Amino acid sequence: MRSSNPVFSRRGFSRDTGYAGFNAPPQAGGPAANPYAGANPYAQDATNPYAQGQQAATQAPPQYTPQTRPMTMDDVVARTGITLGTVIAGATVGWLFLTQSLGFAIGAGLVAMVLALVQSFKRKPSPALILGYAALEGLFLGALSGFLNDLPKLSGAPMQAVLGTMAVFAAMLIAYKTRIVRVTARFTRFVMIAALGFVLLSLVNVLFMVFAGDEGLGFRSGGLGIVFGIVGVVLGALFLALDFKQVEDGIAYGAPREESWLAAFGLTMTLVWIYMEMLRLISILRGD
Numbered sequence: 001m002r003s004s005n006p007v008f009s010r011r012g013f014s015r016d017t018g019y020a021g022f023n024a025p026p027q028a029g030g031p032a033a034n035p036y037a038g039a040n041p042y043a044q045d046a047t048n049p050y051a052q053g054q055q056a057a058t059q060a061p062p063q064y065t066p067q068t069r070p071m072t073m074d075d076v077v078a079r080t081g082i083t084l085g086t087v088i089a090g091a092t093v094g095w096l097f098l099t100q101s102l103g104f105a106i107g108a109g110l111v112a113m114v115l116a117l118v119q120s121f122k123r124k125p126s127p128a129l130i131l132g133y134a135a136l137e138g139l140f141l142g143a144l145s146g147f148l149n150d151l152p153k154l155s156g157a158p159m160q161a162v163l164g165t166m167a168v169f170a171a172m173l174i175a176y177k178t179r180i181v182r183v184t185a186r187f188t189r190f191v192m193i194a195a196l197g198f199v200l201l202s203l204v205n206v207l208f209m210v211f212a213g214d215e216g217l218g219f220r221s222g223g224l225g226i227v228f229g230i231v232g233v234v235l236g237a238l239f240l241a242l243d244f245k246q247v248e249d250g251i252a253y254g255a256p257r258e259e260s261w262l263a264a265f266g267l268t269m270t271l272v273w274i275y276m277e278m279l280r281l282i283s284i285l286r287g288d
């Protein structure tokens with residue numbers, strides 16, 4: 001199953017043949033219900049995007065090399081920790097030194113967006129691009145958060161947004177692990193359509209703000225802004241479920257170890273999305 005982020009990137013796990021996502025999960029009881037048929041996670045399987053060549057499931061399992069060792073949860077946790085740690089380091093620098101230089105911080109955010117788009121359209125993960133994105137995104141978030149924190153009405157808002165983001169992550173992880181939230185093809189389509197509508201409305205609102213002034217269509221202020229902010233946070237939480245499914249399927253199907261960088265990239269972008277929406281929502285609730 002292809003998983004994606006609010007930026008609608010092609011960051012699904014890939015393989016050497018250029019596949020950029022997951023097929024639908026195997027159906028219970030079907031001939032391909034077990035991706036580990038013959039104890040071989042790389043066995044030829046119509047539902048396994050990592051099946052190597054034309055090797056049949058009954059053949060002996062391949063001999064793994066350091067380049068082909070399958071991805072594990074430890075790999076995902078380690079890469080995600082490195083990526084988020086880079087964001088935090090960049091945010092610390094931005095908070096301490098760039099709160100009065102928002103122009104530079106906004107430029108860093110725009111470059112981070114470009115790096116994220118470049119990585120999204122690459123077939124294989126690039127740790128340099130991912131960490132570059134994380135560092136520049138951190139600079140932007142830190143500078144913006146520090147600037148807002150200095151405003152009387154918004155003092156402490158960034159910390160509240162961080163705690164809110166952590167709470168959303170923990171709640172969605174629990175909901176996913178307990179199968180309260182189940183990621184299906186219908187669920188994925190719904191999230192993608194809703195996110196597309198959300199982004200388009202946001203862009204239209206920005207255009208109205210630029211050309212008509214004031215608050216545009218009012219999606220970022222007042223009661224309507226609060227509703228729009230809540231929708232943004234909920235969408236971020238739903239994308240977390242897609243990210244969790246992506247990681248789960250990648251491990252089950254024997255994705256190469258390097259693909260753990262894609263998992264870290266996706267989770268980081270989703271958490272940044274949730275933090276930004278949470279910060280915006282808190283700002284509206286505080287009347288600024």
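Take the sequence shown: its position 5, counted from the start at 1, is 5 in UniProt numbering, and no numbers get skipped. C-beta atoms are modelled at their ideal positions from N, C-alpha and C, and glycine is treated no differently. Predicted model only: the values in this text are computed from it and were never measured.
Proximity of residue i and residue j at Cβ, strictly below 7 Å
| i | j | result |
| --- | --- | --- |
| D243 | G266 | yes |
| F99 | A143 | A small fix is needed here, since residue 99 is Thr in this sequence, not Phe. Cβ distance < 7 Å, so T99 and A143 count as in contact. |
| I284 | I226 | yes |
| K124 | R286 | no |
| L217 | F228 | no |
| A105 | F140 | yes |
| L136 | V111 | yes |
| I88 | V168 | no |
| T80 | A264 | yes |
| E277 | G232 | yes |
| L131 | T86 | yes |
CA-to-CA distance, residue j to residue i, given in whole angstroms
| i | j | result |
| --- | --- | --- |
| L163 | E258 | 30 Å |
| K245 | L96 | 37 Å |
| L201 | R69 | 43 Å |
| A116 | L129 | 8 Å |
| P256 | D150 | 45 Å |
| T268 | F211 | 33 Å |
| I230 | L224 | 10 Å |
| L84 | G109 | 16 Å |
| A157 | L279 | 7 Å |
| A171 | V247 | 17 Å |
| V77 | V206 | 36 Å |
| M113 | Y253 | 30 Å |
| Y272 | M71 | Contrary to the premise, residue 272 reads as Val rather than Tyr in this sequence. Between V272 and M71, the C-alpha separation is close to 24 Å. |
| K122 | Q160 | 35 Å |
| S145 | I82 | 21 Å |
| A175 | P127 | 30 Å |
Identified DSSP bridge partners for residue i
| i | result |
| --- | --- |
| P256 | P70 |
Among the options, nearest to residue i - alpha-carbon criterion
| i | options | result |
| --- | --- | --- |
| T270 | S221, L115, T165 and G223 | T165 |
| R182 | G138, L129 and A237 | A237 |
| A91 | G222, Y133 and T72 | Y133 |
| D75 | I251, S126 and M192 | I251 |
| M192 | L235, L262 and L102 | L235 |
| F239 | L102, G103, L196 and M159 | L196 |
| F147 | G94, A175, Y176 and W261 | G94 |
- What runs of the alpha helix (DSSP H), each 4 residues or longer, lie entirely inside the segment 147-234? Contiguous alpha helix (DSSP H) elements confined to the segment 147-234 occur at 157-177 and 185-212, taking only those with 4 or more residues.
- Task: Only counting runs of 4 or more residues, tell me where the alpha helix (DSSP H) segments fall wholly within the segment 105-155, in order along the chain.
- Result: Runs of the alpha helix (DSSP H) inside the segment 105-155: 127-149.
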